[in-house]
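J.: My questions all concern the structure below.
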Amino acid sequence: MKPEISIVIPAYNESDRLIAPLRKLLDFAEAAGNFEIVIVDDGSSDGTAEIARKTAAEKPTVSVNVIRYEQNRGKGFAVKTGLLAASADIALITDADLSTPIEEMPKLVEPIRDGKTDVAFGSRALDRSLIGTHQPWFREQGGRVVNFMIRKMSGLNFTDTQCGFKAFNMVKFRPLLEMMTIDRFGFDVEFLFVAKHNGLRLAEIPVRWNDVEGSKVSAVRDTRRMFNELRQIRQNARQGVYDLK
Numbered sequence: 001m002k003p004e005i006s007i008v009i010p011a012y013n014e015s016d017r018l019i020a021p022l023r024k025l026l027d028f029a030e031a032a033g034n035f036e037i038v039i040v041d042d043g044s045s046d047g048t049a050e051i052a053r054k055t056a057a058e059k060p061t062v063s064v065n066v067i068r069y070e071q072n073r074g075k076g077f078a079v080k081t082g083l084l085a086a087s088a089d090i091a092l093i094t095d096a097d098l099s100t101p102i103e104e105m106p107k108l109v110e111p112i113r114d115g116k117t118d119v120a121f122g123s124r125a126l127d128r129s130l131i132g133t134h135q136p137w138f139r140e141q142g143g144r145v146v147n148f149m150i151r152k153m154s155g156l157n158f159t160d161t162q163c164g165f166k167a168f169n170m171v172k173f174r175p176l177l178e179m180m181t182i183d184r185f186g187f188d189v190e191f192l193f194v195a196k197h198n199g200l201r202l203a204e205i206p207v208r209w210n211d212v213e214g215s216k217v218s219a220v221r222d223t224r225r226m227f228n229e230l231r232q233i234r235q236n237a238r239q240g241v242y243d244l245k
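Using this note's numbering, you'd call the opening residue of the sequence shown number 1 and step up by one each time.
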């Protein structure tokens with residue numbers, strides 16, 4: 001039977017953090033019924049894929065697909081790989097640490113199921129009272145700077161494009177995946193930019209969120225990378241890379 005929802009989890013060297021969140025996801029999927037979980041090991045060196053398989057085996061009634069490739073390609077490549085492997089007509093991507101609780105999923109999925117939007121993405125900035133554990137002050141300030149840069153360079157007038165909790169109408173979004181060129185930090189912006197560019201409806205939705213220790217984001221390195229990737233997105237748009245043929 002075709003799953004109703006695919007939950008896609010990109011993972012890179014998550015062996016220390018994956019087991020407890022994955023067990024929560026497995027319990028959630030088992031209770032919900034017809035879900036599948038797709039875990040993409042982005043070239044980890046710590047046995048992430050094996051731990052994912054062993055943990056998934058605890059719930060044999062839940063469909064779990066663990067994909068692994070040897071070379072680390074970046075979160076964007078892992079997410080794209082997972083979405084291409086997703087079987088359901090609605091797919092949700094979530095971070096391996098469940099910084100946004102999986103119980104928030106209906107906020108994103110229901111508007112897609114009801115035909116009100118095509119892409120729904122979680123926001124930490126629309127209602128900051130929903131943040132439980134905040135990031136360190138310097139990371140929050142850096143995030144504001146990055147978001148300002150994103151709005152100015154991409155034309156996406158949203159408060160938070162980088163939250164790792166997003167849902168897609170895969171019937172409409174799947175044809176756009178092959179256009180994506182950003183494999184790392186800026187992939188969230190490219191996903192939303194390409195969706196909007198091709199007439200899909202986008203909805204930014206406030207969700208609960210907690211900072212979880214162990215983030216692999218580097219403020220200096222990834223801000224520089226984001227600037228370069230935003231320039232690439234603008235250039236791609238001018239050259240027609242994102243136009244459906």
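Just so you know, even glycine gets a beta-carbon here, dropped at the ideal spot from N, CA and C.
In chain order, what are the residue ranges of uninterrupted alpha helix (DSSP H) at least 4 long that sit wholly in the stretch 95-141?
T.: Listed in chain order, they are 105-113.
J.: Could you please give the first and the last residue of the uninterrupted beta strand (DSSP E) stretch that includes arginine 68?
T.: Start and end: 63-69.
J.: DSSP on aspartate 27, reduced to helix/strand/coil?
T.: Three-state result, aspartate 27: helix.
J.: Does glutamate 36 pass the burial test, meaning 16 or more other C-beta atoms within 10 Å, or should it be called exposed?
T.: Under this definition glutamate 36 is a buried residue.
J.: May I have the straight-line CA-CA distance separating methionine 149 from glutamine 162, to the nearest angstrom?
T.: Methionine 149 and glutamine 162: Cα-Cα distance of roughly 12 Å.
J.: Which one of Arg234, Val212, Asn236 and Arg128 has the shortest CA to CA distance from proline 280?
T.: Only positions 1 to 245 of the chain appear in this structure, which leaves residue 280 out of reach.
J.: Would you check if the distance between the CB atom of alanine 203 and the CB atom of alanine 120 is smaller than 7 Å?
T.: Yes, these two residues count as a Cβ contact at 7 Å.
J.: Cα separation between valine 62 and threonine 181?
T.: Distance between the alpha carbons of valine 62 and threonine 181 is about 32 Å.
J.: Does the beta-carbon distance from isoleucine 51 to leucine 18 come in below 7 Å?
T.: Against a cut-off of 7 Å, the Cβ pair of leucine 18 and isoleucine 51 comes out as a contact.
J.: Pairs of beta-carbons, one from the stretch 179-198 and one from the stretch 102-109, closer than 8 Å: are there three or more?
T.: Result no; under three Cβ-Cβ pairs closer than 8 Å.
J.: Going residue by residue through the stretch 163-237, where are the continuous alpha helix (DSSP H) segments of at least 4 residues, counting only ones entirely within it?
T.: Whole alpha helix (DSSP H) segments, 4+ residues: 170-173 and 187-197.
J.: How big is the Cα-Cα spacing for valine 64 and isoleucine 131?
T.: Between valine 64 and isoleucine 131, the C-alpha separation is close to 30 Å.
J.: For leucine 92, which of helix, strand or coil comes out of DSSP?
T.: Note: leucine 92 maps to strand in three-state DSSP.
J.: Between alanine 78 and valine 40, is the Cβ-Cβ spacing less than 7 Å?
T.: Against a cut-off of 7 Å, the Cβ pair of valine 40 and alanine 78 comes out as a contact.
J.: Less than 8 Å between the CB atoms is what I'm expecting for glycine 43 and arginine 184, so what's the real figure, rounded?
T.: That belief does not hold up - the Cβ atoms of glycine 43 and arginine 184 are roughly 13 Å apart, past 8 Å.
J.: Tell me which same chain residues have a C-beta within less than 7 Å of the C-beta of serine 15, skipping the five on either side of it?
T.: Cβ neighbours of serine 15 beyond the five flanking positions: Asp46, Gly47, Thr48 and Ile51.
J.: Please classify aspartate 243 as buried or exposed, where buried requires at least 16 neighbouring CB atoms within 10 angstroms.
T.: Exposed, because fewer than 16 other Cβ atoms sit within 10 Å of the Cβ of aspartate 243.
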